[in-house]
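S.K.: Mind having a look at this structure? Questions to follow.
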Amino acid sequence: MGDLVKVGMADLNCTHSPGVLTTLGLGSCVGICLYDTMSKISGMAHIMLPSSNQIKNNSNLAKFADTGIVKLLEDMLAMGAKRNRIVSKIAGGAQMFNFNDASDIMRIGARNVVATKEILSSLNIPILAEDTGGNYGRTIELYSETGMLLIKTIGYGTKQI
Amino acid sequence: MPLSIDDLNSMQIDVLREIGNIGAGNAATALSKMIAKKIDMDVPKVNILEFKNVPDLLGGPEIVVAGILFKVTGDINGSIMFLLDIKSAKLLTNLLMDKSGLEELLDDMEVSALQEVGNILAGSYLSSLSALTGLTLNISVPSLAIDMAGAILSVPVILFGQVGDKVMLIETDFFEGSNRVKGNFFLVPDEDSFEILLKSLGVI
Numbered sequence: 000m001g002d003l004v005k006v007g008m009a010d011l012n013c014t015h016s017p018g019v020l021t022t023l024g025l026g027s028c029v030g031i032c033l034y035d036t037m038s039k040i041s042g043m044a045h046i047m048l049p050s051s052n053q054i055k056n057n058s059n060l061a062k063f064a065d066t067g068i069v070k071l072l073e074d075m076l077a078m079g080a081k082r083n084r085i086v087s088k089i090a091g092g093a094q095m096f097n098f099n100d101a102s103d104i105m106r107i108g109a110r111n112v113v114a115t116k117e118i119l120s121s122l123n124i125p126i127l128a129e130d131t132g133g134n135y136g137r138t139i140e141l142y143s144e145t146g147m148l149l150i151k152t153i154g155y156g157t158k159q160i
Numbered sequence: 000m001p002l003s004i005d006d007l008n009s010m011q012i013d014v015l016r017e018i019g020n021i022g023a024g025n026a027a028t029a030l031s032k033m034i035a036k037k038i039d040m041d042v043p044k045v046n047i048l049e050f051k052n053v054p055d056l057l058g059g060p061e062i063v064v065a066g067i068l069f070k071v072t073g074d075i076n077g078s079i080m081f082l083l084d085i086k087s088a089k090l091l092t093n094l095l096m097d098k099s100g101l102e103e104l105l106d107d108m109e110v111s112a113l114q115e116v117g118n119i120l121a122g123s124y125l126s127s128l129s130a131l132t133g134l135t136l137n138i139s140v141p142s143l144a145i146d147m148a149g150a151i152l153s154v155p156v157i158l159f160g161q162v163g164d165k166v167m168l169i170e171t172d173f174f175e176g177s178n179r180v181k182g183n184f185f186l187v188p189d190e191d192s193f194e195i196l197l198k199s200l201g202v203i
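Just so you know, the sequences run in chain order F and W.
For the first sequence, numbering that gives the first Met the number 0 gives the first residue as 0, with consecutive numbering after it.
For the second sequence, numbering that gives the first Met the number 0 gives the first residue as 0, with consecutive numbering after it.
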């Protein structure tokens, strides 16, 4: 196993094989993993909000699904990844708290997932697998050697996608 | 442009700290009445920090914590979150239910007790805020989650993230005898509510 590269909240990072990208304790945020199947260059973004358009303070690109994915893609292409070989896997977007009146803000996890899928689709990046929704947190690890995504939870087991 | 937490001056932070102090004092009194034991507390610390660094304060994003979330409506809108590490949550339910033992998992009865404590703490906190500001504030029923700190914190951080890149955290330690309960309050006012709150306190 290669070096473990951490991705914080509203953060993104890329690595070469055999590096491993990880983000800890994803809740309503979404972990977006991009992977070049040939060069094995991989990238991960931990986004918090669906869109930079509705927010005035939007200087941190990695905070939003729309700007975060584009920035991650640019960084990977700069490292030598090829646009047409890039695939994706996504995880997170849980609803951590339940309220009877499901106001918009409480469904932010689901909205993050929808926005992520729309942007990936508009960029023609296929989504190979996802582990989204639910009401629990996730820690994810992307292995750039194989493109495997490991998902760890508390009380909901561990899985590979 | 609405006032954001990033722009606060030291006097405004002092006022918020004092509200934290009074609110936590009332919360400690309410808790003390409920369990009929003496509760002491430290002077609360008000921290304004980058949201990225928040999970580290609790020991890392994967530490298991209990979070109780309330929605606030009325003259200002937003949320309050009361966050406890799992050991403090257990201590608190032990105090309430007159039990001992520190096994990590909480049963249904303890979860419900914890929700109720959260309700009392947040309620007394909010009523002192309301009395100080003259604002009408209502609080929702609590919702509790026990999970990784990072995942639970993502909720107030996202709510706050729409306003700025920093969060306001009020750290309060309660004591009963040699038992120390570390509690953290997150105050998450909506975009316009922050200004209303500071105006009602006469600091802008």
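Ideal placement from N, C-alpha and C gives every residue a C-beta, glycine not left out.
Give the interface partners of N97/F over in chain W, defined as CB-CB distance under 7 Å, in chain order.
M.R.: Near N97/F (Cβ distances below 7 Å), the residues of chain W are S142.
S.K.: Specify whether the segment 82 to 95 of chain F and the segment 125 to 134 of chain F touch according to this definition: at least 3 beta carbon pairs, one from each stretch, less than 8 Å apart.
M.R.: The answer is yes - the segment 125 to 134 of chain F touches the segment 82 to 95 of chain F, with three or more Cβ pairs under 8 Å.
S.K.: For C28/F, which residues in chain W fall below 8 Å Cβ to Cβ?
M.R.: Here the neighbours are S153 and I157.
S.K.: Under the rule that 16 or more other beta-carbon atoms within 10 Å means buried, what is D106/W, buried or exposed?
M.R.: Exposed, by the Cβ-count rule.
S.K.: Mind listing, in chain order, the continuous beta strand (DSSP E) runs of no fewer than 3 residues lying wholly within the segment 79 to 117 of chain W?
M.R.: Here no run is fully enclosed.
S.K.: State the DSSP-derived secondary structure class of M0/W, mapped to helix, strand or coil.
M.R.: With a pLDDT of only 46 at M0/W, under the threshold of 50, the placement of this residue in the model should not be trusted; the figure read from the coordinates follows. Three-state result, M0/W: coil.
S.K.: Taking DSSP's pairing of strands, which residues face K5/F in a bridge?
M.R.: BP columns for K5/F point to T21/F.
S.K.: Taking the alpha carbon of S127/W as the reference point, which residue from G19/W, P60/W, F174/W and L57/W has its own alpha carbon closest?
M.R.: When only C-alpha atoms are compared, the closest one is G19/W.
S.K.: Say whether the segment 70 to 80 of chain F touches the segment 37 to 46 of chain F, bearing in mind that this needs 3 or more beta-carbon pairs closer than 8 Å, one atom from each stretch.
M.R.: Taking 8 Å as the limit for Cβ pairs, the verdict is that the segment 37 to 46 of chain F does touch the segment 70 to 80 of chain F.
S.K.: Check each candidate in I139/F, G146/F and N59/F and name the one with the smallest Cα separation from S16/F.
M.R.: For the residues I139/F, G146/F and N59/F, the minimum Cα distance to S16/F belongs to G146/F.
S.K.: Using a cut-off of 7 Å between C-beta atoms, extract the partners of A148/W located in chain F.
M.R.: Within chain F, the residues near A148/W are G24.
S.K.: Got a sec? Which residues, its chain only, sit under 8 Å from N111/F by beta carbon, not counting five neighbours each side?
M.R.: Correct list, in chain order: S27, C28, V29, I46, M47, L48, P49, A64, G91 and G92.
S.K.: What are the boundary residues of the beta strand (DSSP E) that K39/F is part of?
M.R.: No beta strand (DSSP E) contains K39/F, which DSSP labels as neither H nor E.
S.K.: Which residues bound the beta strand (DSSP E) around V45/W?
M.R.: Here the beta strand (DSSP E) through V45/W covers K44 to E49.
S.K.: Counting pairs of Cβ atoms below 8 Å between the segment 50 to 64 of chain W and the segment 142 to 156 of chain W, do you hit three or more?
M.R.: Counting Cβ pairs under 8 Å, three or more are found: they touch.
S.K.: Roughly how many angstroms lie between the CA atoms of N118/W and E73/F, to the nearest whole one?
M.R.: So the two alpha carbons sit approximately 47 Å from each other.
S.K.: Give a yes or no on whether the C-beta atoms belonging to M10/W and V166/W are separated by under 9 Å.
M.R.: No, Cβ-Cβ distance for M10/W and V166/W is not below 9 Å.
S.K.: Using a Cβ-Cβ distance cut-off of 9 Å, determine whether G66/W contacts chain F.
M.R.: True, the Cβ-Cβ gap to chain F drops below 9 Å.
S.K.: Is the beta carbon of R106/F sitting closer than 9 Å to the one on Q94/F?
M.R.: A contact, by the Cβ cut-off of 9 Å.
S.K.: Within the same chain, show all residues whose beta-carbon is closer than 7 Å to that of L134/W, passing over the 5 residues directly before and after it, in chain order.
M.R.: Here the set comprises G73, D74, I75 and S199.
S.K.: Just tell me which of S123/W, S153/W and L197/W has its CA closest to the CA of G136/F.
M.R.: Nearest C-alpha to G136/F: S153/W.
S.K.: Check each residue of the segment 60 to 91 of chain W: if its Cβ is closer than 8 Å to any Cβ of chain F, include it; give the result in chain order.
M.R.: Answer set for the segment 60 to 91 of chain W: P60, E61, V63, G66, L68 and K70.
S.K.: Taking 9 Å as the threshold (beta carbon to beta carbon), is A128/F in contact with chain W?
M.R.: Closer than 9 Å: no.
S.K.: Which of helix, strand or coil does DSSP assign to S143/F?
M.R.: Of the three classes helix, strand and coil, the one that applies to S143/F here is coil, per DSSP.
S.K.: Can you list, in chain order, the residues of its chain whose CB lies under 6 Å from that of L149/F, leaving out five sequence neighbours each side?
M.R.: Correct list, in chain order: E140 and Q159.
S.K.: Figure out for me which residue from E170/W, R179/W, F174/W and V180/W has the closest Cα to the Cα of I47/W.
M.R.: The option with the nearest alpha carbon to I47/W is E170/W.
S.K.: Using the Cα positions of M0/W and G154/F, report the straight-line distance between them to the nearest angstrom.
M.R.: Residue confidence for M0/W is low, a pLDDT of 46 falling below 50, so the modelled location carries little weight; the figure read from the coordinates is stated next. Cα to Cα, M0/W sits roughly 44 Å from G154/F.
S.K.: Kindly indicate which residue of N12/F, G1/F and N123/F has the alpha-carbon position closest to the one of I60/F.
M.R.: Residue identity check: residue 60/F is Leu in the sequence provided, not Ile. Answer by Cα proximity: N12/F.
S.K.: Can you tell me where the beta strand (DSSP E) holding I145/W begins and where it ends?
M.R.: Note, I145/W: beta strand (DSSP E), S142 to M147.
S.K.: Kindly give me the distance between the Cβ atoms of V156/W and M8/F, rounded to whole angstroms, as I take these residues to be in contact under 8 Å.
M.R.: Going by Cβ atoms, the distance from V156/W to M8/F rounds to 7 Å, so yes, they are a contact pair.
S.K.: Apart from the five residues on each side of it in sequence, which residues of its chain come closer than 8 Å, Cβ to Cβ, to V19/F?
M.R.: Counting only Cβ-Cβ distances below 8 Å, and skipping sequence neighbours, we find M0, G1, D2, L3, V4, E140, L141, Y142 and S143.
S.K.: In the DSSP assignment, find the beta strand (DSSP E) that holds F98/F and state where it starts and stops.
M.R.: Element bounds for F98/F: n/a, residue is neither H nor E.
S.K.: Is S192/W close to chain F? Criterion is C-beta to C-beta, closer than 9 Å.
M.R.: Answer no: the Cβ-Cβ gap between S192/W and chain F never drops below 9 Å.
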